[in-house]
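A.B. asks:
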Amino acid sequence: MEKRYGAFAALDGVDLDVARGEVVALIGPSGSGKSTLVRCVNLLETYDGGSVEVDGIAVRDDRHLARVRAEVGMVFQQFNLFPHMSALRNVALAPVRVRGLSWPEATARAEALLERVGLRAHQHKRPGQLSGGQQQRVAIARALAMQPELLLFDEPTSALDPEMVQEVLDVIQDIARTGATLLIVTHEMSFARKVADRVVFMEQGRIVEIAPPETFFTNPATDRARAFIHTATRGRGGMSA
Numbered sequence: 007m008e009k010r011y012g013a014f015a016a017l018d019g020v021d022l023d024v025a026r027g028e029v030v031a032l033i034g035p036s037g038s039g040k041s042t043l044v045r046c047v048n049l050l051e052t053y054d055g056g057s058v059e060v061d062g063i064a065v066r067d068d069r070h071l072a073r074v075r076a077e078v079g080m081v082f083q084q085f086n087l088f089p090h091m092s093a094l095r096n097v098a099l100a101p102v103r104v105r106g107l108s109w110p111e112a113t114a115r116a117e118a119l120l121e122r123v124g125l126r127a128h129q130h131k132r133p134g135q136l137s138g139g140q141q142q143r144v145a146i147a148r149a150l151a152m153q154p155e156l157l158l159f160d161e162p163t164s165a166l167d168p169e170m171v172q173e174v175l176d177v178i179q180d181i182a183r184t185g186a187t188l189l190i191v192t193h194e195m196s197f198a199r200k201v202a203d204r205v206v207f208m209e210q211g212r213i214v215e216i217a218p219p220e221t222f223f224t225n226p227a228t229d230r231a232r233a234f235i236h237t238a239t240r241g242r243g244g245m246s247a
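According to the working numbering, the sequence shown is numbered sequentially starting from 7.
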């Protein structure tokens, strides 16, 4: 895949397959193309060359774009919740509008998902009444409510205060255990090591290295990955599993 902004190559020959039920962590320095890659998967960013397929469907085919987006859930750095709606309604809305569920069906699904992310007691609160970690958990429940084939996470903890990070990571790890297909952009190295089936290290719009997490973090194949791991884990308390 290719993606350019003028002369700058945000993605330069990226080639990546994600199998059903696989958890893939995208890591790398800022500006390496990680977020651009996940945003191209559901065409939030248009790409300039190559192709993207989700479950055999070409994303760039306008005839199927709505269907693809319905099958791909996205959790952003910022929570993007509707501020005038309760947590419950934020989660229930898309299944009604896109999947055609009745409000009672969608509400029951939303209640179950908010229970799953530990927020059933807060379901009638609006986003402004919730902490950042709680809002991100509502956003995750909202993505799950569509029962997507693929879930994309774009630095889901980067906008959170440090004490709220773990509660969100715990929810994502719980989702990963269910056999969901996840593509996660993260700077949390311990989390990537614990939850991922494969780690993809990117730099300057290219994939530098792909490996199982234990291999990547204990014996990276490139000097650049080794230097990145050292820098990323310094001051973060290591990478104990």
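Idealized CB from N, CA, C, for every residue including glycine.
#1: Classify Q153: buried if its beta carbon has 16 or more other beta carbons within 10 angstroms, exposed otherwise.
#2: What residues match up with E209 in a beta bridge as DSSP calls it?
#3: Would G138 and A16 qualify as a contact pair, given that the criterion is a beta-carbon distance under 8 Å?
#4: So, with DSSP's three-state summary, where would you put E173?
#5: Using the C-alpha atoms, what's the distance from Q172 back to G243?
#6: Taking only three categories from DSSP, how would you classify R204?
#7: Tell me which residues share the same chain as P226 and place their Cβ nearer than 6 Å to its Cβ, disregarding the 5 neighbours each side in the sequence.
#8: Using DSSP's beta-bridge definition, name the partner residues of A116.
#9: Classify D23 as helix, strand or coil using the three-state DSSP reduction.
#10: Is P154 close to chain B? Criterion is C-beta to C-beta, closer than 8 Å.
#11: May I have a chain-ordered list of the beta strand (DSSP E) segments no shorter than 3 residues that lie completely inside the region 44-101?
#12: Thinking I33 and A198 are a contact (beta carbons under 8 Å), I'd like their distance in whole angstroms, please.
#13: Which residues does DSSP list as the beta-bridge partners of K9?
#14: Just verifying my parser: in three-state terms, what is the DSSP assignment at D229?
#15: Between the C-alpha atoms of V29 and A186, what's the straight-line distance to the nearest angstrom?
#16: Do you know how far the Cα of G19 is from the Cα of H90?
#17: Checking the sheet assignment: what are the DSSP bridge partners for D180?
#18: According to the neighbour-count rule (16 or more other Cβ atoms, all chains shown, within 10 Å of its Cβ), is E161 buried or exposed?
#19: When DSSP labels each residue in this structure, what does V123 get in the three-state scheme?
#20: Based on Cα-Cα distance, which residue from A72, E111 and L157 lies nearest to G1?
#21: Among residues of its own chain, excluding the 5 on either side of T237, which ones have a beta-carbon nearer than 8 Å to its beta-carbon?
#22: Name the DSSP beta bridge partners of D160, please?
#23: Roughly how many whole angstroms lie between the Cα atoms of M208 and V102?
C.D. replies: The answer reads as follows:
#1: For this step, residue 153 is matched to residue 147 along the sequence shown. By the neighbour-count definition (other C-beta atoms within 10 Å, threshold 16), Q153 is an exposed residue.
#2: Against the sequence shown, residue 209 aligns to sequence position 203. Assignment of beta-bridge partners to E209 by DSSP yields R212.
#3: As a first step, residue 138 must be located in the sequence shown, where it is residue number 132. As a first step, residue 16 must be located in the sequence shown, where it is residue number 10. If you check the CB distance, G138 and A16 do not come in under 8 Å.
#4: Counted from its first residue, the sequence shown places residue 173 at position 167. Taken through DSSP and simplified to helix, strand or coil, E173 comes out as helix.
#5: Against the sequence shown, residue 243 aligns to sequence position 237. Against the sequence shown, residue 172 aligns to sequence position 166. Low local confidence applies: a pLDDT of 42 at G243 is under 50, so the model's placement there is unreliable, with the coordinate-based value given in what follows. About 14 Å.
#6: As a working note, residue 204 is residue 198 in the sequence shown. The answer is strand: DSSP assigns R204 an E or B state.
#7: The residue you call residue 226 lines up with position 220 of the sequence shown. If we look at P226 and ignore the five residues flanking it on each side, its Cβ neighbours are R232.
#8: Here the question's residue 116 lines up with position 110 in the sequence shown. DSSP lists no partner for A116.
#9: Taking the sequence shown and counting its residues from 1, one reaches residue 23 at position 17. In the structure shown, D23 sits in coil (DSSP, three-state: anything other than H, G, I, E or B).
#10: Absence of chain B from the displayed structure is noted, only one protein chain being present.
#11: 78-81
#12: Position 27 of the sequence shown, counted from the start, is the residue given in the question as residue 33. Position 192 of the sequence shown, counted from the start, is the residue given in the question as residue 198. Indeed, because the Cβ distance is near 6 Å, the residues count as touching under 8 Å.
#13: For this step, residue 9 is matched to residue 3 along the sequence shown. Paired residues: L17.
#14: The sequence position of residue 229 within the sequence shown is 223, counting from 1. It is helical.
#15: Looking up residue 29 in the sequence shown gives position 23. Looking up residue 186 in the sequence shown gives position 180. Between V29 and A186, the C-alpha separation is close to 8 Å.
#16: On the sequence shown, residue 90 is found 84 positions in, with the first residue counted as 1. On the sequence shown, residue 19 is found 13 positions in, with the first residue counted as 1. Going from the Cα of H90 to the Cα of G19 covers about 42 Å.
#17: As a first step, residue 180 must be located in the sequence shown, where it is residue number 174. D180 is not bridged to any residue.
#18: Against the sequence shown, residue 161 aligns to sequence position 155. Buried is the call here.
#19: By one-based count along the sequence shown, residue 123 stands at place 117. The three-state reading of DSSP puts V123 in coil, since its state is none of H, G, I, E or B.
#20: What is shown of the chain runs 7 to 247, which leaves residue 1 out entirely.
#21: Taking the sequence shown and counting its residues from 1, one reaches residue 237 at position 231. Nothing meets the Cβ criterion.
#22: Locating residue 160 in the sequence shown gives position 154, where the first residue counts as 1. For D160, which the question treats as bridged, DSSP gives the partners V191.
#23: Numbered from its first residue, the sequence shown carries residue 208 at position 202. Numbered from its first residue, the sequence shown carries residue 102 at position 96. Each residue's Cα considered, the two are about 38 Å apart.
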